[in-house]
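Residue numbers (my numbering): 1 to 155.
Glycine is no exception: its CB is placed at the ideal position from the N, C-alpha and C atoms.
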(Lines of atoms letter the chains of each structure in order from A and count residues from 1; the text may use other names and numbers.)
(Lines give C-alpha, C1' and ligand atoms only; values in the text may rest on other atoms or scores of the structure.)
Protein backbone atom coordinates (compact mmCIF):
# COMPACT_ATOMS: atom_id res chain seq x y z
CA UNK A 1 0.00 0.00 0.00
CA UNK A 2 1.28 3.46 -0.88
CA UNK A 3 0.70 6.07 1.83
CA UNK A 4 1.16 9.80 1.47
CA UNK A 5 2.02 12.22 4.26
CA UNK A 6 0.21 15.50 3.62
CA UNK A 7 1.17 18.60 5.58
CA UNK A 8 0.05 22.20 5.93
CA UNK A 9 1.30 25.19 7.90
CA UNK A 10 0.86 28.92 8.14
CA UNK A 11 4.25 30.36 7.20
CA UNK A 12 5.23 34.01 7.54
CA UNK A 13 8.21 35.34 5.53
CA UNK A 14 9.40 31.80 4.83
CA UNK A 15 9.42 29.43 1.89
CA UNK A 16 10.35 25.90 0.97
CA UNK A 17 9.67 24.11 4.26
CA UNK A 18 11.58 20.87 3.76
CA UNK A 19 13.53 18.05 5.35
CA UNK A 20 16.97 16.61 4.53
CA UNK A 21 17.24 13.26 2.71
CA UNK A 22 18.50 11.60 5.90
CA UNK A 23 15.52 12.86 7.95
CA UNK A 24 14.65 10.64 10.92
CA UNK A 25 11.04 9.53 10.47
CA UNK A 26 8.99 8.67 13.57
CA UNK A 27 5.59 6.97 13.25
CA UNK A 28 3.13 4.82 15.15
CA UNK A 29 2.30 1.77 13.02
CA UNK A 30 -0.68 -0.57 12.81
CA UNK A 31 -0.42 -4.16 11.56
CA UNK A 32 -2.59 -4.67 8.45
CA UNK A 33 -3.35 -8.23 9.52
CA UNK A 34 -4.17 -8.22 13.27
CA UNK A 35 -4.54 -4.40 13.74
CA UNK A 36 -2.08 -4.32 16.65
CA UNK A 37 -0.44 -0.91 17.05
CA UNK A 38 3.23 -0.43 17.81
CA UNK A 39 3.46 0.23 21.58
CA UNK A 40 5.86 3.10 20.95
CA UNK A 41 6.77 5.00 17.80
CA UNK A 42 9.23 3.41 15.38
CA UNK A 43 12.16 5.40 13.98
CA UNK A 44 13.97 5.10 10.64
CA UNK A 45 15.52 7.31 7.97
CA UNK A 46 15.11 7.52 4.22
CA UNK A 47 18.70 6.72 3.30
CA UNK A 48 19.64 3.61 5.28
CA UNK A 49 18.45 0.41 3.62
CA UNK A 50 18.50 -3.12 4.93
CA UNK A 51 17.29 -6.53 3.82
CA UNK A 52 14.49 -7.99 5.92
CA UNK A 53 15.26 -11.48 7.17
CA UNK A 54 16.96 -13.77 4.67
CA UNK A 55 15.74 -11.92 1.58
CA UNK A 56 18.81 -10.21 0.09
CA UNK A 57 16.93 -9.25 -3.10
CA UNK A 58 14.80 -6.70 -1.27
CA UNK A 59 16.09 -3.68 0.62
CA UNK A 60 13.85 -1.32 2.58
CA UNK A 61 14.20 1.60 4.99
CA UNK A 62 12.46 -0.19 7.87
CA UNK A 63 11.25 -3.67 8.74
CA UNK A 64 9.87 -5.40 11.81
CA UNK A 65 7.90 -8.44 12.85
CA UNK A 66 4.46 -7.84 14.37
CA UNK A 67 4.35 -9.08 17.96
CA UNK A 68 0.67 -9.99 17.58
CA UNK A 69 0.62 -12.15 14.45
CA UNK A 70 4.36 -12.55 13.64
CA UNK A 71 3.94 -11.13 10.13
CA UNK A 72 6.84 -9.18 8.72
CA UNK A 73 6.13 -5.53 7.89
CA UNK A 74 8.25 -3.22 5.75
CA UNK A 75 8.35 0.49 4.93
CA UNK A 76 10.23 2.15 2.11
CA UNK A 77 10.48 5.93 1.65
CA UNK A 78 9.63 6.65 -1.99
CA UNK A 79 9.71 10.47 -2.22
CA UNK A 80 10.16 13.44 0.10
CA UNK A 81 9.63 17.19 -0.30
CA UNK A 82 7.08 16.54 -3.05
CA UNK A 83 5.40 19.95 -2.81
CA UNK A 84 7.05 23.18 -1.71
CA UNK A 85 5.33 24.41 1.45
CA UNK A 86 5.16 28.20 1.24
CA UNK A 87 2.98 31.03 2.48
CA UNK A 88 -0.26 31.10 4.37
CA UNK A 89 -2.29 28.43 2.61
CA UNK A 90 -3.85 26.07 5.15
CA UNK A 91 -4.38 23.40 2.48
CA UNK A 92 -2.84 19.97 3.01
CA UNK A 93 -0.34 19.16 0.26
CA UNK A 94 1.63 15.96 -0.48
CA UNK A 95 4.97 15.98 1.31
CA UNK A 96 6.27 12.39 1.30
CA UNK A 97 5.21 8.97 0.06
CA UNK A 98 5.90 5.57 1.57
CA UNK A 99 5.43 2.00 0.40
CA UNK A 100 4.05 0.05 3.36
CA UNK A 101 3.68 -3.73 3.32
CA UNK A 102 1.66 -5.47 6.04
CA UNK A 103 1.51 -2.24 8.04
CA UNK A 104 0.10 1.27 7.90
CA UNK A 105 1.32 4.60 9.21
CA UNK A 106 -1.20 5.96 11.74
CA UNK A 107 0.54 8.80 13.58
CA UNK A 108 3.43 11.07 12.56
CA UNK A 109 5.80 12.73 15.04
CA UNK A 110 7.69 15.63 13.41
CA UNK A 111 11.17 16.38 14.72
CA UNK A 112 13.44 19.41 14.76
CA UNK A 113 15.15 18.44 11.49
CA UNK A 114 12.99 20.63 9.24
CA UNK A 115 14.54 23.55 7.33
CA UNK A 116 13.00 26.74 5.97
CA UNK A 117 14.37 29.60 3.84
CA UNK A 118 13.58 33.27 4.44
CA UNK A 119 11.65 34.97 1.62
CA UNK A 120 13.69 38.15 2.10
CA UNK A 121 17.21 36.66 1.85
CA UNK A 122 18.98 33.38 1.26
CA UNK A 123 19.08 32.63 5.00
CA UNK A 124 18.29 28.99 5.76
CA UNK A 125 17.02 28.12 9.21
CA UNK A 126 17.84 24.57 10.29
CA UNK A 127 16.74 22.47 13.25
CA UNK A 128 13.19 23.78 12.95
CA UNK A 129 10.45 21.88 14.82
CA UNK A 130 7.15 22.75 13.13
CA UNK A 131 5.02 20.82 15.62
CA UNK A 132 5.18 23.79 18.01
CA UNK A 133 4.88 27.38 16.93
CA UNK A 134 8.34 28.34 15.70
CA UNK A 135 9.85 31.78 15.01
CA UNK A 136 13.29 33.26 14.41
CA UNK A 137 14.69 36.51 13.06
CA UNK A 138 16.37 36.84 9.66
CA UNK A 139 19.00 39.52 10.24
CA UNK A 140 19.93 39.79 6.56
CA UNK A 141 16.33 40.25 5.43
CA UNK A 142 15.33 42.10 8.61
CA UNK A 143 12.10 40.11 9.05
CA UNK A 144 10.84 37.52 11.46
CA UNK A 145 10.20 34.08 9.96
CA UNK A 146 7.56 31.90 11.60
CA UNK A 147 5.61 28.65 11.29
CA UNK A 148 2.24 28.17 12.98
CA UNK A 149 -0.64 25.71 12.80
CA UNK A 150 1.38 22.77 11.45
CA UNK A 151 -0.98 19.92 10.54
CA UNK A 152 -0.62 16.56 8.87
CA UNK A 153 -2.75 13.77 7.47
CA UNK A 154 -1.77 10.26 6.43
CA UNK A 155 -3.58 9.04 3.31
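Distance, Cα to Cα, residue 29 vs residue 142? 43 Å
Check whether the Cβ atoms of residue 148 and residue 133 sit closer than 8 Å, and answer yes or no. yes
Reduced DSSP secondary structure (H/G/I, E/B, other) of residue 50: strand
When you compare only the Cα positions, how much space is there between residue 48 and residue 19? 16 Å
Between residue 26 and residue 109, how many whole angstroms is the CB-CB distance? I'm expecting something under 8 Å. 4 Å
Residue 57 in three-state terms, based on DSSP: Correct three-state label for residue 57: coil.
Own chain, CB closer than 7 Å to residue 91, minus 5 neighbours either side, in chain order: 8
Could you pull the start and end residues of the beta strand (DSSP E) that residue 29 belongs to? 24-31
Enumerate in chain order the residues of its own chain whose CB-to-CB distance from residue 21 is below 8 Å, with the five nearest sequence positions on each side excluded. If we look at residue 21 and ignore the five residues flanking it on each side, its Cβ neighbours are 46, 47 and 80.
DSSP puts residue 111 in a beta bridge; with which residues? Its beta-bridge partners do not exist; DSSP assigns none.
What's the gap between the Cα of residue 111 and the Cα of residue 24? 8 Å
Can you give me the Cβ contacts of residue 1 inside the same chain, cut-off strictly under 7 Å, excluding the 5 residues immediately before and after it? 100 and 104
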